[in-house]
Amino acid sequence: MKTQAICAIATPPGSSALGIIRISGNDLKNLTKQIFSKDLLNRKAILVSILDDKTLLDNCISIFYETPSSYTGEDMIEIICHGNQVIMNSILSLLNKIGVRLAKPGEFTERALFNDKVDLIQAEAISDLISASDSHAVKAAHNSLSGKFADEIKMICDKILATRAEVESVINFPEDDDVPELSITNIKKSLSKILADIEGLIKKSKKGLALNNRPTYAVVGKPNSGKSSLINSLLREDASIVTSKTGTTRDSICYQLNIDDSIINIIDTAGIHETNDEVEKEGIARSALSIAKSDRVLYLVDDDQGLTEEDKNLIEKYDIKDYFLVFNKIDITKKEPKITTTKPQEIYVSVKTGQGMHLVEQTIKTAFESDNSSENIYLARGRHIECLQDGQKHLIDSDKAANEKSLDFLAEELRLSHLAISSILGQNPTEELLTEIFTSFCIGK
Ligand SMILES: Nc1nc2c(ncn2[C@@H]2O[C@H](COP(=O)(O)OP(=O)(O)OP(=O)(O)O)[C@@H](O)[C@H]2O)c(=O)[nH]1
Ligand SMILES: [Mg+2]
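So in the numbering used here, spot 346 of the sequence shown is number 348, and the numbers just go up one at a time.
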């Protein structure tokens, strides 16, 4: 495809030892001949002077990457000059003069996508790699970039395609008027295998998504169980109001808690219970929202009251799934601090005396590390998970159709499932999707 050549500074603004300018386009050697003092050689670092007419702009190292073996798939040049903004801007102006325009954010990677150098998942992973905030996120972005995530998606798509073919052959070549039982059994077997694959991939992707978004823990429980006290103790500051009155906290308040080198969000919530008080009701509705958006819950129980039927009902009513039970106020019940290995785990503490607080911190740390273990996960985005879930929903509908021996419906649901999952790879992406992805890139990438 004939495109206009583009250029951009690829290093961050400010002064630095070196600055890098990238150029991508067609027939770059000819286009840029007049500005370099020497001819460039493919994949060789050459010391050249950059001249605007006869004025020296800088002496630089320039590397030429001949199409198609370059990042964008077009001809590319990297100019490594002195890291001075005035010098770099003057080189950009010179490039503009010879017809090379400034690149938009992510435009180099967008060209790489159009030239099949990367797929959409890899393009997204490149942006995530650049903005990854810790070593786990870097590892997970590398996993996506290496193509492992795309390979798993392709494998699922291939399996759906094979099942589609199976269904089509039963539709087109019926052995008799009735749908043969054996074919339906085989199709259902294939569907259940694919559903298991999708389920696994959604799990890994959700973990990866959590790496992109800071993990959130909500501290929940009945009024006066000591939620705000616990948060203040973890934060080591008097952040939330604590009183002996029930219903002190009325809003959900999100704080940032530092754990070693990482940060998690921790939300103090209004105590949940049955009430007719209008303000409390609103607070409890907010607690429910916080529970829904949190990754884990620390459910606080006043140990003096123990875990009551009301607590159990609240856990069920608010659909609290991934949680620890923290029994607080053991200074009153005169118990020793401890942590159990039960499911859910129980931690016995006294926020007042500080007994067992190290166990709460250790538990949060361990949970954070296991959530963030990046060995086998992909730095997925919300878009990937939505597509996987959409594909999963259509597969479940296919299975229902198989039960009802409704083959046309089955074929259609399989087609929709295939469409949803293959769209992760960016086959036929919409203009809006591309704009959304590439505008979040830095200029020069
Ligand atoms: N004895 C004892 N009292 C505690 C302990 N932790 C908290 N309290 C007291 O329990 C009362 C309620 O504490 P909060 O932290 O406000 O409880 P909460 O769960 O945030 O309450 P709401 O915001 O009303 O839902 C206060 O008087 C605290 O001092 C503890 O470990 N031992
Ligand atoms: Mg409170």
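Beta carbons: idealized from backbone N, C-alpha and C, even for Gly.
Excluding sequence positions up to five away, which residues of its chain have a Cβ less than 7 Å from the Cβ of LEU409?
VAL169, VAL172, ILE173 and VAL181
Threshold first: 4 residues or longer. Then list the alpha helix (DSSP H) segments lying entirely within the region 275 to 301, N to C.
280 to 295
Output needed for GLY101: all residues of its chain with C-beta closer than 8 Å, excluding positions within five of it in sequence on either side, in chain order.
GLN6, ALA7 and LEU33
Under the criterion of a Cβ to heavy atom distance below 7 Å, does THR250 qualify as lining ligand 2?
yes
Between ASP304 and ligand 2, is there a pair consisting of the residue's CB and a ligand heavy atom that are separated by less than 7 Å?
no
Just mark GLN364 as buried or exposed, buried being the case when its beta carbon has 16 or more other beta carbons within 10 Å.
exposed
Pull the bridge partners of LEU53 from the DSSP assignment, please.
LEU58
Using a Cβ-Cβ cutoff of less than 8 Å, which residues in the same chain neighbour ILE196 once the five nearest sequence positions on both sides are dropped?
ILE158, LYS161, ILE162, THR165 and LEU397
The alpha helix (DSSP H) with ALA143 in it runs from where to where?
137 to 147
Skipping 5 residues on each side, what residues in its chain have a beta carbon closer than 7 Å to that of VAL462?
Lying before the first or after the last residue shown, residue 462 is absent from the chain, which here runs from 3 to 447.
Across the region 247 to 255 and the region 309 to 325, are there enough close Cβ pairs to call them in contact, namely three or more that are closer than 8 Å?
no
Could you compute how far the alpha carbon of MET78 sits from the alpha carbon of THR57?
24 Å
For ASP130 and LYS447, I'd like the C-alpha separation in whole angstroms.
12 Å
For ASN260, I'd like the list of residues in its chain whose CB is within less than 7 Å of its CB, leaving aside the five on either flank, ordered along the chain.
none
Residue nearest to VAL299 in terms of C-alpha spacing, selected from GLY308, SER289, LYS337 and GLN307
SER289
Ligand 4 heavy atoms versus the CB of ASP253: any closer than 7 Å?
Ligand 4 is not part of this structure, which contains only ligand 1 and ligand 2.
Taking PRO70 as the reference, which of ARG113, ILE89 and LYS106 has the closest Cα?
ARG113
Can you tell which of GLU433, ILE426 and THR441 has its C-alpha closest to the C-alpha of GLY149?
ILE426
For the structure I just gave you, are there three or more beta carbon pairs, one from the region 78 to 94 and one from the region 7 to 25, closer than 8 Å?
yes
Residue(s) in a DSSP beta bridge with ASN260
ILE265
I'd like to confirm something about LYS402: is its beta-carbon nearer than 7 Å to some heavy atom of ligand 1, or not?
no
Ordered along the chain, which non-local residues of its own chain (more than five positions away) have a Cβ less than 6 Å from that of LEU97?
CYS9
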